[in-house]
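Number of protein chains: 2
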Amino acid sequence: MQQNLYLYNSLKRTKELFTPITPGYVGLYLCGPTVYGPPHLGHARPAVVFDILNRYLHHLGYKVRFVRNVTDVGHLENDADEGEDKIARKARVEKLEPMEIAQLYTDNYHEEIEKLNVLKPSIEPRASGHIIEQIAMISQIMENGFAYESNGSVYFDVVKYNATNHYGKLSGRVLEELIAGAGEERRELEGQEEKRNRVDFALWKKASPEHIMRWPSPWSDGFPGWHIECSAMSGKYLGETFDIHGGGMDLLFPHHECEIAQSVGATGKDPVRYWMHNNMITINGQKMGKSLGNFINLSELYAGSHKLLEQAYSPMTIRFFILQAHYRSPLDFSNEGLKAAEKGMKRMLNAKALLPKLKTSATSTSKISDVIDSCYEAMNDDLNTAIAMASLFEGARIINSVYAGTETITAADLDSLSKFFTLFVEEVLGLKEEALGDDSSVDGLMSIILELRKDVKAKKDFAASDKIRDMLLALGYKIKDEKDGATWTRE
Amino acid sequence: MQQNLYLYNSLKRTKELFTPITPGYVGLYLCGPTVYGPPHLGHARPAVVFDILNRYLHHLGYKVRFVRNVTDVGHLENDADEGEDKIARKARVEKLEPMEIAQLYTDNYHEEIEKLNVLKPSIEPRASGHIIEQIAMISQIMENGFAYESNGSVYFDVVKYNATNHYGKLSGRVLEELIAGAGEERRELEGQEEKRNRVDFALWKKASPEHIMRWPSPWSDGFPGWHIECSAMSGKYLGETFDIHGGGMDLLFPHHECEIAQSVGATGKDPVRYWMHNNMITINGQKMGKSLGNFINLSELYAGSHKLLEQAYSPMTIRFFILQAHYRSPLDFSNEGLKAAEKGMKRMLNAKALLPKLKTSATSTSKISDVIDSCYEAMNDDLNTAIAMASLFEGARIINSVYAGTETITAADLDSLSKFFTLFVEEVLGLKEEALGDDSSVDGLMSIILELRKDVKAKKDFAASDKIRDMLLALGYKIKDEKDGATWTRE
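So the protein sequences, as listed, match chains A and B. Using this note's numbering, the first residue of the first sequence is number 1, and each one after it goes up by one. Using this note's numbering, the first residue of the second sequence is number 1, and each one after it goes up by one.
Here it is in structure tokens:
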């Protein structure tokens, strides 16, 4: 912890020296996934960005309690169905118990995100598992006069809160304008008539008779509003005021603004000292959106099976690509960018592999301490992984030059460079050599084989197509022909 | 579902034809781990045994909702510390938040158990996430007069319950003897003076001031008793009466007996139609016990790092070993037994690998349908995997003989045998070739692709052969054509 780490605090709109509440310990909360569908590119960036924060804090010697929640209930969406619970809706479609959907996609999220070498959180609380804590917090807010019941639902009284506090301190939104304005970004359309003001937001919603996910409460059988879970769970596991809260910029308003209001409304204390937000991902310059058909699932990226992809990209390529940009810059996904990342990563890992082969000399032609210092400087300057990686590439250049005999390095310098390079690449940035036989290679090879099989079937060469099937079967791969192509499973 | 599956019902002490409540659907609940330590051999058997049940039910065409809980709170132990919560105790020792311990060992359990090729449950509820449901059930039991509050804790009134119901129907215990007896097996020593009768068990415990895991309730800030979670969670996700409840024989009394009493006490209905219990594991003939120092963690088994182990045993060897015994027989772990299992598994998988290489004849020397029928018969006879595996070994013997030319098989018989053998080994028994490093998959898939390329080149379809080369190149595989075929390298 001899390093001075500066972090951009969205609350103060400036970089600040990071000092934890308890010396040596950091409480970190990250808004996790809503588990009603497979994880996509939009999930990858915050997961990787805050994994870097977590890893770097560890590296600096902090003990980090990293809490990342699972939203398995209560996330209402501003869709045609006007505020129906995302998970319950999917459940009705597939005739499953909502918790079965939540479990499936929680497992799926873990699997795909962990391929990106994202470390597991210390605690992963589920919203549905903390209804009591949410009810207790809502009661506290009501006792303090900042929430009211209306027809079995409970709403946060934003106007009343704003009279003695500042609603908008994080987002810079002005309440009067929000009340007057078009009300963009409000997530709930349902229940407007129950509210004192259109800016008020739900803390508890009474469940309609057909709503499956419901719990008893002092107000109704219902379910918590979307915002309250993060306030209740972060408070439970990290305390009423904790160090760092992270999430995507899209969550800054209203979600995080509401989190602040809820915590101040309940405890009188600001919940978070440093608010950090990663910027968004675009796809070939376009915003990601369901209607645009450019949502790419992580499994599609790994297999190269989305129409926008020219090839498969391994999890490490995607991780590397995300780290090549500073987390507060927008990041545009393109085949060119990903291919460049693939090459860059190879270059970095190849250099690392050369380290044990370097010969030492009496003098060093490059100043190794400069490379190391500039890397730490970049990380300490609001986790600027883009510049940190440039330092690492400078290190790679030196390694290659020494190997080629065009530069020299002393034994002491080589020792420093080796330790630094290995540590940063592996532990801090979390980049690792991908197993030759990792799933993405298998995915890629399997898609080639299935494509070849499609070709022979198109030529009505069924002997060849059966041969392919049988050879795969002998290896333990089973092909299933479906309407829009073949899928495979491995036993 | 043309098969008639008979299961031994502990409740009836006899084998019964299995018929589900809803045709085509099965609700299955299994008592999962208490997550306060790494998973050991004792966790492996129920996990594998009920995985077989889950897989076989799937194979028979049922849609199974498989619920396996995580006990992350409320499991009291009869130790020197007299009823302290296992997780909270460990938490104090390591100065961690209890939920951090629970998360760590939940993750650990998943990792080690999934190596055994145990399929994930459809829903994996956590006890701490279902406090509301447990409180609601306790309230219901109190309303029905079968529980009473005492000093902020709530106890189940076993004597009163037994006046109109039968406490002991599952275990065969006789209440009078339990009251008179030494009270062996009771898990709670604390709070005896609060009970009307020593056989009463806690539904809710008032937390002592230093107890960290606690929730508000109508009776006290406290935590649920051990037994109530399974009743509340199985009821929530499977209904008041569901098909099958599984667990180790050690849980039959008092845990499962209490589950029945709780459900009948709350709903008036018997909760479970088929109770299934796996027998215990011994180590070199001895019971497993902390004091005996013969608790072997799964990670130790996989690494061969426990003093009782002569070598490492792969997860598949352990799975195979467990399946070689019928689940209701005791199973003694020994190095000899494990080594024999290792050999047996190789023999079975080798035979499977020979299947595509067998030549067919006009007649079959063995009656293949007998082999298949006897395997189904064994599975239908209370999941007798021991005998089912004997049938598979008979299949393996035939395969080897046909391969050696000492027996013959018709094309139709070979087709039946291949399908049956592969299906049973892989899907029903869940045995798979262990990654010899996953490189073997890449090798295998690459040789398929090179073979296909040879085929198209033989047909002078150079467009196709170039396409294959280019697709491989995009994945980073480079083909080199040489005199006696092509070789490949990966960049």
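Every residue, glycine too, gets a C-beta built ideally from N, C-alpha and C. These figures come from a predicted structure and were not determined experimentally.
Exercise for the section: Examine the Cβ distances between the stretch 227-237 of chain B and the stretch 261-280 of chain B and report whether three or more of them are shorter than 8 Å. Expected result: yes
Exercise for the section: Please confirm if the stretch 310-325 of chain A is in contact with the stretch 336-344 of chain A, defined as three or more CB-CB distances below 8 Å between the two stretches. Expected result: yes
Exercise for the section: State the DSSP-derived secondary structure class of residue 399/A, mapped to helix, strand or coil. Expected result: By 1-based counting over the first sequence, the position of residue 399/A is 399. Here residue 399/A sits in helix by DSSP.
Exercise for the section: Return helix, strand or coil for residue 469/A, following the three-state DSSP convention. Expected result: Against the first sequence, residue 469/A aligns to sequence position 469. Helix, per DSSP.
Handout entry: Simplified DSSP state of residue 337/A, which is helix, strand or coil
Key = Looking up residue 337/A in the first sequence gives position 337. Helix.
Problem - Same chain, Cβ closer than 8 Å to residue 358/A, neighbours up to 5 away in sequence not counted - result: Start at 1 with the first residue of the first sequence, and residue 358/A comes out as number 358. Cβ neighbours of residue 358/A beyond the five flanking positions: 399, 402, 403, 409 and 414.
Practice task
List the residues that DSSP assigns as beta-bridge partners of residue 40/B.
Solution key: Position 40 of the second sequence holds residue 40/B. Its beta-bridge partners are 297/B.
Practice task
Let me know the alpha helix (DSSP H) ranges lying completely inside the stretch 368-455 of chain A, each 4 residues or longer, listed in chain order.
Solution key: 368-380, 385-404 and 411-422
Practice task
Count the other C-beta atoms from every protein chain shown that fall within 10 angstroms of the C-beta of residue 71/B, then say buried if there are 16 or more, exposed otherwise.
Solution key: The residue given as residue 71/B occupies position 71 in the second sequence. Buried, because 16 or more other Cβ atoms sit within 10 Å of the Cβ of residue 71/B.
Exercise for the section: Pull out every residue of the stretch 117-130 of chain A whose Cβ sits closer than 8 Å to any Cβ of chain B, in chain order. Expected result: 120, 121, 122, 123, 124, 125, 126, 128, 129 and 130
Practice task
Examine chain A for any beta-carbon lying closer than 8 Å to the beta-carbon of residue 224/B, and answer yes or no.
Solution key: Locating residue 224/B in the second sequence gives position 224, where the first residue counts as 1. Answer no: the Cβ-Cβ gap between residue 224/B and chain A never drops below 8 Å.
Handout entry: Separation of residue 47/B from residue 124/A, as counted between CA atoms
Key = Residue 124/A sits at position 124 when you count from the first residue of the first sequence. Residue 47/B sits at position 47 when you count from the first residue of the second sequence. Approximately 23 Å between the Cα atoms of the pair.
Exercise for the section: Report yes or no: do the stretch 390-399 of chain B and the stretch 342-362 of chain B share at least 3 C-beta pairs separated by less than 8 Å? Expected result: yes
Practice task
Examine the Cβ distances between the stretch 11-21 of chain A and the stretch 276-285 of chain A and report whether three or more of them are shorter than 8 Å.
Solution key: no
Problem - Touch test, the stretch 116-132 of chain A against the stretch 154-168 of chain A, Cβ-Cβ under 8 Å, three pairs minimum - result: no
Problem - Interface flag, residue 488/B vs chain A, CB-CB below 8 Å - result: Here residue 488/B refers to the residue found at position 488 of the second sequence. It does not: the Cβ of residue 488/B has no partner Cβ on chain A nearer than 8 Å.
Exercise for the section: Tell me, please, whether the CB atom of residue 65/A is closer than 8 Å to any CB atom in chain B? Expected result: Your numbering for residue 65/A matches position 65 in the first sequence. Taking Cβ atoms only, chain B reaches closer than 8 Å to residue 65/A, which makes this a yes.
Handout entry: Rounded C-alpha distance that separates residue 252/A from residue 277/A
Key = Against the first sequence, residue 252/A aligns to sequence position 252. Against the first sequence, residue 277/A aligns to sequence position 277. Looking at the two C-alpha atoms, the distance is approximately 7 Å.
Practice task
Using the Cα positions of residue 169/A and residue 8/A, report the straight-line distance between them to the nearest angstrom.
Solution key: Translated into positions along the first sequence, residue 169/A becomes position 169. Translated into positions along the first sequence, residue 8/A becomes position 8. Roughly 15 Å between the two C-alpha positions.
Practice task
Determine the chain B residues that contact residue 442/A at a beta-carbon separation under 9 Å, and present them in chain order.
Solution key: As a first step, residue 442/A is located in the first sequence; it is residue number 442 there, counting from the start. 438, 441, 442 and 445, listed in chain order.
Exercise for the section: Answer yes if the stretch 54-73 of chain B comes into contact with the stretch 17-31 of chain B, meaning at least three C-beta pairs across the two stretches below 8 Å, and no otherwise. Expected result: yes
Handout entry: Residues from the stretch 345-376 of chain A in contact with chain B, defined by Cβ distance under 9 Å
Key = 346
Exercise for the section: Give me the Cβ distance between residue 148/B and residue 261/B, rounded to the nearest whole Å; I'm assuming they're in contact under 8 Å. Expected result: Counting from 1 along the second sequence, the entry for residue 148/B is found at position 148. Counting from 1 along the second sequence, the entry for residue 261/B is found at position 261. Not quite, the Cβ-Cβ distance comes to about 14 Å (not below 8 Å), so this is no contact.
Exercise for the section: Look up residue 246/A in the DSSP assignment and give the residues it is bridged to. Expected result: Mapped onto the first sequence, residue 246/A falls at position 246. Answer is 30/A and 276/A, bridged to residue 246/A.
Handout entry: Distance CB(residue 300/A)-CB(residue 365/A) smaller than 8 Å
Key = In the first sequence, the residue the question calls residue 300/A occupies position 300. In the first sequence, the residue the question calls residue 365/A occupies position 365. No. Outside cutoff.
Handout entry: Neighbour flag for residue 215/B against chain A, beta carbons, 8 Å
Key = Along the second sequence, one-based indexing puts residue 215/B at 215. For residue 215/B, the answer is yes, since a Cβ of chain A falls inside 8 Å of its Cβ.
Exercise for the section: Evaluate residue 34/B with the Cβ neighbour count: other Cβ atoms within 10 Å of its Cβ, from every protein chain shown; 16 or more gives buried, anything less gives exposed. Expected result: Working through the second sequence from its first residue, we reach residue 34/B at position 34. When all chains shown are included, residue 34/B counts as buried.
Handout entry: chain A contacts made by the stretch 462-476 of chain B, where a contact means CB separation under 9 Å
Key = 464, 467, 468, 471, 472, 474, 475 and 476
Handout entry: Neighbour list for residue 103/A in chain B, Cβ cutoff strictly below 7 Å
Key = What you label residue 103/A is simply residue 103 of the first sequence in a count that begins at 1. Near residue 103/A (Cβ distances below 7 Å), the residues of chain B are 122, 123 and 124.
Handout entry: chain A contact for residue 29/B (CB, 8 Å cutoff)
Key = Locating residue 29/B in the second sequence gives position 29, counting from the first residue. False, the Cβ-Cβ gap to chain A never drops below 8 Å.
Exercise for the section: Check each residue of the stretch 309-328 of chain A: if its Cβ is closer than 7 Å to any Cβ of chain E, include it; give the result in chain order. Expected result: In summary, chain E is missing from the structure at hand, where the protein chains are A and B.
Problem - Contact list for residue 148/A against chain B, beta-carbon separation under 9 Å - result: Within the first sequence, residue 148/A is the residue found at index 148, counting from 1. Under the 9 Å cutoff, chain B gives no residues; its nearest Cβ is about 22 Å from residue 148/A.
Practice task
Consider the Cβ of residue 455/B: report whether some Cβ of chain A lies at a distance smaller than 8 Å.
Solution key: Locating residue 455/B in the second sequence gives position 455, counting from the first residue. With 8 Å as the cut-off, residue 455/B counts as an interface residue toward chain A.
Practice task
From the DSSP output, in three-state form, read off residue 149/A for me.
Solution key: Working through the first sequence from its first residue, we reach residue 149/A at position 149. Note: residue 149/A maps to strand in three-state DSSP.
Exercise for the section: Alpha carbon to alpha carbon, how far is residue 225/A from residue 76/A? Give it in angstroms, no decimals. Expected result: As a first step, residue 76/A is located in the first sequence; it is residue number 76 there, counting from the start. As a first step, residue 225/A is located in the first sequence; it is residue number 225 there, counting from the start. Note that residue 76/A scores a pLDDT of 48, beneath 50, so its modelled location is shaky; the value from the coordinates is reported in the next line. Spanning the two alpha carbons is a distance of roughly 8 Å.
Practice task
Step through the CB atoms of chain B and report whether any lies within less than 8 Å of the CB of residue 274/A.
Solution key: Here residue 274/A corresponds to residue number 274 of the first sequence, with the count starting at 1. No, no contact with chain B.
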